[in-house]
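Chains as they are written, first to last, in this note's numbering: chain A, 1 to 256; chain L, 257 to 512.
Ideal placement from N, C-alpha and C gives every residue a C-beta, glycine not left out.
If you're wondering where the values come from, they're calculated on a predicted model, not measured in any experiment.
These notes concern the structure reproduced below.
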């Protein structure tokens with residue numbers, strides 16, 4: 001079998017330790033092309049660059065003949081540019097991450113990592129976003145290597161369900177403590193925001209967004225439950241946002 | 257009954273004609289507070305500002321005592337700041353728009369207008385995004401006034417289905433030609449990207465993202481069908497992205 005062609009991207013920027021680890025793992029599986037943002041893009045959501053230009057430089061390291069591109073855009077821009085302009089053919093898989101920090105539960109909505117995976121999904125490419133629950137630059141990614149490889153090989157072998165991408169989160173615990181992999185639903189959790197109000201040297205007010213993550217979802221089938229209990233969580237994520245269950249109710253509203 | 261408190265925001269910026277029209281309509285219905293970006297944010301998706309500061313100025317016009325705030329952040333930032341810092345109480349409704357340009361089908365994913373509505377939904381506030389299929393600054397919003405009022409009054413009177421916000425798109429035709437309002441699902445359409453490659457004055461390459469919208473969805477229950485046939489479309493949108501139908505399939509993957 002021909003080696004699969006794998007697009008690797010992320011939202012922490014092309015030099016983040018997380019993507020370097022993911023590139024290593026993917027290089028054991030297939031032919032890798034990297035197209036990633038030139039700077040950190042956390043919290044960028046599914047932003048795309050439509051009112052400005054995109055710059056892109058080949059940055060292949062001297063020690064390798066792997067193609068790597070550093071791009072001025074968002075993670076979703078990187079995928080669009082990779083698939084439509086930079087890659088010799090449509091990739092067999094797109095992986096994004098490993099994100100420094102959780103993208104479980106409602107965080108999927110704000111996640112640049114997942115927006116890259118979702119963008120690939122929209123373009124019909126099987127896609128997975130990987131995140132580890134450790135925000136630090138020097139997070140330990142080694143605990144997750146064998147699990148990431150296993151999930152990726154499964155995604156290549158089995159057919160990805162149609163209209164679905166995978167959101168994988170990994171607890172920041174020792175490899176020997178990881179109990180396994182669980183397929184989950186997104187926990188119904190949310191952020192309670194607090195704004196830290198300050199004054200700049202000119203006396204003008206400004207804010208820093210901070211917040212507290214609140215999970216009141218009691219289900220044992222959620223990603224939060226899995227992660228809190230030593231499992232790696234996989235949530236199948238869809239990009240058809242239609243709330244089909246609500247259509248009947250809305251048809252009873254009075255628009256006369 | 258006390259007048260409902262309505263938060264108005266958008267992604268085209270606080271001075272866009274679309275939001276000025278929406279403010280007018282909402283002022284006939286309730287007490288309005290405006291918190292909107294200080295500059296255009298189209299295509300910003302669900303970005304939030306986590307690595308930078310937010311600035312916010314009171315810009316209430318001299319001719320009115322309505323509270324208006326211009327904010328340096330994204331549409332989602334505006335909603336977070338409004339609800340947690342600027343408003344006297346949790347609003348009864350959040351409306352976003354009227355967007356200059358369509359947010360139907362897959363465009364909901366890239367839409368700053370809809371990300372504001374979704375952010376409000378996450379915070380438990382009934383929310384609606386309004387968009388008109390005309391990208392021009394001087395788009396004619398008058399055709400949609402009575403429909404927007406009707407939809408808003410329904411959303412205040414009926415209970416919004418739980419975990420759902422509304423994505424309303426309005427065709428750019430005369431009011432007399434609008435056939436009515438249809439509850440729809442998101443059409444399975446997508447963009448085929450093309451990158452316009454150019455050279456800057458220093459000889460370095462850069463790109464402009466362009467693309468063609470492709471709708472191969474034959475359903476007559478989609479937003480695209482409704483809009484192409486003279487109807488206003490309402491898609492109920494959910495922010496639990498779990499693809500519940502895929503969980504069974506994924507449980508058959510081999511993670512041993």
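Q. Nearest-angstrom Cα distance between residue 354 (chain L) and residue 388 (chain L)?
A. Approximately 7 Å between the Cα atoms of the pair.
Q.
Under 8 Å, Cβ to Cβ, is there at least one residue of chain L near residue 78 (chain A)?
A. Taking Cβ atoms only, chain L never reaches closer than 8 Å to residue 78 (chain A), which makes this a no.
(Q) I'd like to know whether the C-beta atoms of residue 275 (chain L) and residue 303 (chain L) end up nearer to each other than 8 Å. (A) In this structure, residue 275 (chain L) keeps its C-beta atom at 8 Å or more from the C-beta atom of residue 303 (chain L).
Q. Given that a residue counts as buried once 16 or more other Cβ atoms are within 10 Å of its Cβ, and exposed if not, what is residue 80 (chain A)?
A. With 16 or more other Cβ atoms from the protein chains shown falling within 10 Å of its own Cβ, residue 80 (chain A) counts as buried.
Q) Which residue spans inside the region 97-153 of chain A form an unbroken beta strand (DSSP E) run of at least 3? A) For the region 97-153 of chain A, the continuous beta strand (DSSP E) assignments of 3+ residues that do not extend past its boundaries occur at 127-132, in sequence order.
Q: Would you check if there are 3 or more beta carbon pairs closer than 8 Å linking the region 225-242 of chain A to the region 168-180 of chain A?
A: Contact between the region 225-242 of chain A and the region 168-180 of chain A is present: three or more C-beta pairs spanning the two stretches fall below 8 Å.
Q) Between residue 312 (chain L) and chain A, is there a C-beta pair that is closer than 8 Å? A) Closer than 8 Å to some Cβ of chain A, the Cβ of residue 312 (chain L) qualifies, so yes.
Q) Got a sec, what are the start and stop residues for the beta strand (DSSP E) residue 484 (chain L) sits in? A) Unbroken run through residue 484 (chain L) is the alpha helix (DSSP H), 479-484; no beta strand (DSSP E).
(Q) For the beta strand (DSSP E) containing residue 345 (chain L), name the first residue and the last one. (A) Where residue 345 (chain L) is concerned, there is no enclosing beta strand (DSSP E), given that its DSSP letter is neither H nor E.
(Q) Please report the distance separating the alpha-carbon of residue 331 (chain L) from that of residue 57 (chain A). (A) Each residue's alpha carbon lies about 31 Å from the other.
Q) Roughly how many angstroms separate the alpha carbons of residue 362 (chain L) and residue 202 (chain A), rounded to a whole number? A) Rounded to whole angstroms, residue 362 (chain L) and residue 202 (chain A) show a C-alpha spacing of 44 Å.
(Q) Determine, for residue 433 (chain L), whether the minimum Cβ-Cβ distance to residues of chain A falls below 8 Å. (A) Not an interface residue.
Q | Proximal residues, the region 346-358 of chain L versus chain A, C-beta separation under 8 Å | A | Answer set for the region 346-358 of chain L: empty.
Q. Which value, in whole angstroms, describes the spacing of the CA atoms of residue 126 (chain A) and residue 469 (chain L)?
A. A direct Cα-Cα distance of roughly 21 Å separates residue 126 (chain A) from residue 469 (chain L).
Q: Compute the distance between the beta-carbons of residue 160 (chain A) and residue 237 (chain A), then report whether it is under 8 Å.
A: When the beta-carbon positions are compared, residue 160 (chain A) and residue 237 (chain A) stay at least 8 Å from each other.
Q | Under 8 Å (Cβ pairs) to chain L, residues found in the region 217-244 of chain A | A | Cβ contacts with chain L: 234, 235, 236, 237, 238, 239, 240, 241, 242, 243 and 244.
(Q) Using 8 Å for Cβ pairs, my map puts residue 53 (chain A) next to residue 464 (chain L). What's the rounded Cβ distance? (A) Right, their Cβ atoms sit about 6 Å apart.
Q: Give the single residue among A:65, A:60 and A:218 whose Cα lies nearest to the Cα of residue 71 (chain A).
A: Among A:65, A:60 and A:218, the Cα nearest to that of residue 71 (chain A) is on A:60.
Q.
Are the CB atoms of residue 164 (chain A) and residue 129 (chain A) within a distance shorter than 8 Å?
A. No.
Q | Three-way DSSP call (helix, strand, coil) for residue 467 (chain L) in this model | A | Residue state, collapsed to three classes: strand.
Q. Assuming residue 78 (chain A) and residue 116 (chain A) make a contact with CB atoms under 8 Å, what is their CB distance in whole Å?
A. Right, their Cβ atoms sit about 6 Å apart.
Q. Would residue 34 (chain A) be called buried (16 or more neighbouring beta carbons within 10 Å of its own) or exposed?
A. With 16 or more other Cβ atoms from the protein chains shown falling within 10 Å of its own Cβ, residue 34 (chain A) counts as buried.
Q: Name, in chain order, the residues that DSSP records as bridge partners for residue 191 (chain A).
A: DSSP output for residue 191 (chain A) lists A:213 as bridge partner(s).
Q.
Assuming the contact rule is C-beta atoms closer than 8 Å, residue 55 (chain A) and residue 462 (chain L) should be a hit. Round their C-beta distance to whole Å, please.
A. With 8 Å as the limit, residue 55 (chain A) and residue 462 (chain L) qualify as a contact, their Cβ atoms being about 5 Å apart.
Q) Name the DSSP bridge partner or partners of residue 36 (chain A)? A) Answer by DSSP bridge pairing, in chain order: A:70.
Q. Got a sec? Which residues, its chain only, sit under 7 Å from residue 196 (chain A) by beta carbon, not counting five neighbours each side?
A. Only 207, 208 and 210 meet the Cβ criterion.
Q. Which whole-angstrom value describes the C-beta separation of residue 110 (chain A) and residue 86 (chain A), a residue pair presumed to lie in contact below a C-beta threshold of 8 Å?
A. Between residue 86 (chain A) and residue 110 (chain A) the Cβ distance is about 27 Å, and since that is not below 8 Å, they are no contact.
Q. If you check the beta carbons only, do residue 6 (chain A) and residue 92 (chain A) fall under 8 Å apart?
A. The answer is yes: Cβ separation under 8 Å.
Q: Specify the secondary structure class of residue 426 (chain L) as computed by DSSP and reduced to three states.
A: Strand.
(Q) Quick check on the burial criterion: 16 or more other C-beta atoms within 10 angstroms. Buried or exposed for residue 481 (chain L)? (A) Residue 481 (chain L) comes out buried.
**Q.** Buried/exposed call for residue 460 (chain L), threshold 16 Cβ in 10 Å
**A.** By the 10 Å Cβ count, residue 460 (chain L) comes out exposed.
Q) Measuring CB to CB, does residue 63 (chain A) end up less than 8 Å from residue 441 (chain L)? A) Result no, Cβ atoms of residue 63 (chain A) and residue 441 (chain L) do not sit closer than 8 Å.
(Q) Does chain A have any CB closer than 8 Å to the CB of residue 505 (chain L)? (A) With 8 Å as the cut-off, residue 505 (chain L) counts as an interface residue toward chain A.
Q: Under 8 Å by Cβ, that's how I've got residue 103 (chain A) and residue 17 (chain A) pegged, so tell me the actual separation to the nearest angstrom.
A: With 8 Å as the limit, residue 103 (chain A) and residue 17 (chain A) do not qualify as a contact, their Cβ atoms being about 17 Å apart.
Q | Close-in-space but distant-in-sequence residues of the same chain around residue 447 (chain L) (CB under 8 Å, 5 per side omitted) | A | Hits under 8 Å: 362, 467, 468, 469 and 470.
(Q) Within the continuous beta strand (DSSP E) that includes residue 56 (chain A), where are the two ends? (A) 56-58 is the span of the beta strand (DSSP E), which, as asked, contains residue 56 (chain A).
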